[in-house]
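Structure first, then comments.
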Amino acid sequence: MTFDGIFTKWMMDEVAPQLIGGRITKIHQPLPYDVQFTIRANRKNYLLVCSAHPMMARVQFISEKPENPEVAPNFCMILRKYLEGSIIQSFTQVENDRILHLDVSTRDELGDKAGYRFTIEMMGRHSNLFLVNQEDNTIIDCVKRVSLGQNSYRTLQPGASYVMPPQTQKKNPFEYSLFELDSLLHPFIGEPGERTLMNVFQGISKQSAHEIVERSEREGQSLAEALHHYLEEGNNDRKPTLTKSTDGKTYFLPFPYMSKTGESQNFESLSELLSAYYVQKIQEEKIQQLAGHLLQMLKSELRKNREKMVKLDEDLARTEDADHYRVYGDLINTYQHQIEKGASSVTVQNFYDDYEEVTIPLNPLLTASQNAQAYFKKYQKLRNAVTHIHEQQEATKNEMDYLESVIYQIEEADVFNLEAIREELVESGYLKRSALKKGIKKQGGAKPHVFYATDGTRILVGRNNLQNDQLTLRQAKKEYLWLHAQNIPGSHVIIES
1352 MTFDGIFTKW MMDEVAPQLI GGRITKIHQP LPYDVQFTIR ANRKNYLLVC SAHPMMARVQ
1412 FISEKPENPE VAPNFCMILR KYLEGSIIQS FTQVENDRIL HLDVSTRDEL GDKAGYRFTI
1472 EMMGRHSNLF LVNQEDNTII DCVKRVSLGQ NSYRTLQPGA SYVMPPQTQK KNPFEYSLFE
1532 LDSLLHPFIG EPGERTLMNV FQGISKQSAH EIVERSEREG QSLAEALHHY LEEGNNDRKP
1592 TLTKSTDGKT YFLPFPYMSK TGESQNFESL SELLSAYYVQ KIQEEKIQQL AGHLLQMLKS
1652 ELRKNREKMV KLDEDLARTE DADHYRVYGD LINTYQHQIE KGASSVTVQN FYDDYEEVTI
1712 PLNPLLTASQ NAQAYFKKYQ KLRNAVTHIH EQQEATKNEM DYLESVIYQI EEADVFNLEA
1772 IREELVESGY LKRSALKKGI KKQGGAKPHV FYATDGTRIL VGRNNLQNDQ LTLRQAKKEY
1832 LWLHAQNIPG SHVIIES
C-alpha cells in the first residue's frame, strides 16, 4: 500500500509508545529530506527516520546507521541546537492525516524551560519537516522553504507562523463503530466503492480503497463491514508483508492483500518491512545524488577544456604570421641603409615575393638593427609557441577524452562503482580528498565485469579507469589479449587466452 493516513496510524502505533519519555541524543541528516534521530528510551537506542522525500515520505525505525555527509546541512545544525538533549513528551498523528507532531521539552540557553515541536508532513511533493517554537507557534526552520509568492495559503519560512495544510471535512474512519460506518456510507449505495471510501474518509488511498472493495465483493460483505474488518485486522493482527505482485510491482502491505497476489515475504514489524522495500529506492537515490554531483563537476571541466581548445586554435592561427616577422627582420637588415633615423615605417622591395613592394612598420625609438632584432624575437616567440600550443592541444584533447569516458562510466555505474570512480577523480586531482565520506574504501569494493566465452575462456572488462589500470598493469599476463570494448568508451578488455 502507499503511506496513507491508515498506514501512518499503524506505524505510529508501532513507533510512538517506544519513544515517549526518551531523550534525543543525536541528530543526522543523511539525505537532503531525511532526518535521523537517535533516541535513548527504555534503556535502548532507537534510530528514527523522518523523511519528507517527495516519493518516499515516511516515518520508521531503522536498524543500520546510514552514511552521513561529512559536513552537516544547515537544517540539521539547527535541529541539533534546539533538540539534542531534549525529552520527548508526545508523538501524535493529526486525526487520520499524514501529519505528525513530535513534542519535546528542554531548556534554552538561559536555563529556562522551553518546548519545541518537530512536525512531519508527508504530502508527496509537498512533504516537509518543520521545527516550531511551541510558545509562539513560529517556524524556526523547515527543510523546504516556500515563500508566500509560491504558496498563497501559507508561508513556510523561518519566522512565519506555522499554519496547518488545508483541512477537509472527511471523517476519521478509526473513530466510528461498524454501525456508524454503515450510516456514513449508506447515502452512497450504488456509487463506485473506491471513490466513495476516498471521498468520505480521511487517509484512505486508492490502493487501500481498492483492497477494501475487493474484500467486500469476494466475501459478500457490505462496504462498511469490509472497511471495519480491514481496520480491525490492521489494529490487531498485522502481518507486515512485502509482495512482488503478478503485475510486476512490489508492494509493502500491513497484512496480505486479496488484491495483490504473488511472491511474498513476511516481517516482524512495519519498520523492517519499509527498510526492505526502500533499500533499493534509497540506493538509487544515492546513485542519483552522487552521480549528479560528479557529472556536474565533470561537465564543467569538459566545458572549460572545450573553451581552452577553441582558444588554442585561435592562438595557433595567429602563429601563421610568424614567417612575416622573419621576412620583415631580413628585409630591414638588407635595406637598413635606406632607413632614416626615427622613421615609423619603410617601404622596400620584398625579394621573398617577386620583389613586390611591402611597407614594414617600425618603432621610431629604435635603430634599424634593433627593429630587425625585435621582429626576429617575435618570430622566434611564435615559433616556440607553436610547439607549446601543439603540446597543449594534445594534452587538452586527451583530458577531454578522459572526461567523456568517465561521464559515460558514471551514467552506467552502480553505487559501488561510483565510489570507485570518485576515488579515481580524487587521485586525478579533480576532487579534494576531504570531499570523500569517511569510511569509504578505495575503489568501493567494485570489481571488473567477468564474462565467459562458449569455450570457457574468461573475459574481464574494466568498469572505470582504476580497474582498467589494474587489469592491464597488474592482472594481465603477456599471453593475454588486450583490446577496447566496442561502444563502451574507456573500457579495457582482457581475454585470458
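Residue numbering for the sequence shown follows the numbering used here, beginning at 1352 and increasing consecutively. Every residue, glycine too, gets a C-beta built ideally from N, C-alpha and C. Please read all numbers here as calculations on a predicted model, not as lab measurements.
With burial defined as no fewer than 16 other Cβ atoms inside 10 Å of the residue's Cβ, what is the status of residue i: buried or exposed?
| i | result |
| --- | --- |
| Val1366 | buried |
| His1741 | exposed |
| Thr1597 | exposed |
| Gln1444 | buried |
| Phe1530 | exposed |
| Arg1773 | buried |
| Gln1387 | buried |
| Phe1358 | buried |
| Val1422 | exposed |
| Ala1408 | buried |
| Val1630 | exposed |
| Ser1402 | buried |
| Ser1503 | exposed |
| Tyr1581 | buried |
| Thr1738 | exposed |
| Val1697 | buried |
| Met1850 | Since the first residue shown for the chain is 1352 and the last is 1848, residue 1850 is missing from the structure and cannot be characterised. |
| Ile1450 | buried |
| Lys1611 | buried |
| Thr1353 | exposed |
Looking at the unbroken alpha helix (DSSP H) that takes in residue i, where does it start and where does it end?
| i | result |
| --- | --- |
| Leu1535 | Leu1529 to Leu1536 |
| Arg1669 | Leu1621 to Arg1669 |
| Asn1479 | Element bounds for Asn1479: not the alpha helix (DSSP H) but the beta strand (DSSP E), Asn1479 to Asn1484. |
| Val1737 | Ala1719 to Glu1762 |
| Glu1847 | Where Glu1847 is concerned, there is no enclosing alpha helix (DSSP H), given that its DSSP letter is neither H nor E. |
| Thr1359 | Gly1356 to Leu1370 |
| Met1428 | Asn1425 to Leu1434 |
From residue i to residue j, what distance separates their C-alpha atoms?
| i | j | result |
| --- | --- | --- |
| Arg1496 | Tyr1384 | 12 Å |
| Ser1534 | Glu1526 | 13 Å |
| Gly1554 | Gly1571 | 25 Å |
| Lys1432 | Arg1809 | 57 Å |
| Glu1583 | Arg1566 | 14 Å |
| Asn1419 | Ala1764 | 21 Å |
| Gln1721 | Gln1647 | 53 Å |
| Leu1682 | Val1661 | 34 Å |
| Lys1632 | Leu1667 | 51 Å |
| Met1363 | Asp1454 | 14 Å |
| Leu1645 | Arg1657 | 18 Å |
| Asn1447 | Cys1427 | 28 Å |
| Leu1532 | Ala1560 | 14 Å |
| Leu1482 | Pro1591 | 31 Å |
| Met1751 | Gln1640 | 23 Å |
| Leu1663 | Gln1744 | 7 Å |
| Asp1705 | Glu1665 | 30 Å |
| Ser1528 | Gly1544 | 19 Å |
| Gly1757 | Val1812 | Gly is not the amino acid found at residue 1757; the sequence shown has Val there. Taking the straight line from one Cα to the other gives about 15 Å. |
| Pro1712 | Ala1736 | 23 Å |
| Tyr1759 | Gly1599 | 30 Å |
| Leu1649 | Leu1754 | 6 Å |
| Glu1486 | Ser1626 | 36 Å |
In terms of residues, what are the limits of the beta strand (DSSP E) holding residue i?
| i | result |
| --- | --- |
| Ile1378 | Arg1374 to Leu1382 |
| Lys1395 | Lys1395 to Ser1402 |
| Ile1413 | Arg1409 to Ile1413 |
| Leu1604 | Thr1601 to Leu1604 |
| Glu1614 | Gly1613 to Asn1617 |
| Leu1682 | Not the beta strand (DSSP E): Leu1682 falls in the alpha helix (DSSP H), residues Ala1673 to Thr1685. |
| Phe1702 | Run containing Phe1702: none; DSSP gives neither H nor E here. |
| Ile1390 | Asp1385 to Ala1392 |
| Arg1809 | Arg1809 to Val1812 |
Kindly identify the DSSP beta-bridge partner or partners of residue i.
| i | result |
| --- | --- |
| Ser1696 | Pro1712 |
| Asp1492 | Leu1482 |
| Val1455 | Ile1439 and Tyr1467 |
| Thr1519 | For Thr1519, which the question treats as bridged, DSSP gives no partner whatsoever. |
| Glu1446 | Glu1446 is not bridged to any residue. |
| Val1777 | DSSP, once it has assigned bridges, lists no residue as partnering Val1777. |
| Ser1498 | Its beta-bridge partners do not exist; DSSP assigns none. |
| Val1801 | Leu1811 |
| Glu1707 | Asn1701 |
| Ser1610 | Paired residue(s): none; Ser1610 is not in a bridge. |
| Glu1460 | Paired residue(s): none; Glu1460 is not in a bridge. |
Does any residue of chain C bring its CB to less than 9 Å from the CB of residue i?
| i | result |
| --- | --- |
| Thr1519 | The displayed structure is made up of one protein chain only, and chain C is not part of it. |
Under the criterion of a Cβ to heavy atom distance below 8 Å, does residue i qualify as lining the ligand HEM?
| i | result |
| --- | --- |
| Glu1568 | Absence of the ligand HEM from the depicted structure is noted, as is the absence of any ligand whatsoever, leaving it without description. |
With a floor of 4 residues, list each alpha helix (DSSP H) that falls wholly inside the region 1540-1599, ordered by position along the chain. 1544-1551, 1557-1570 and 1574-1587
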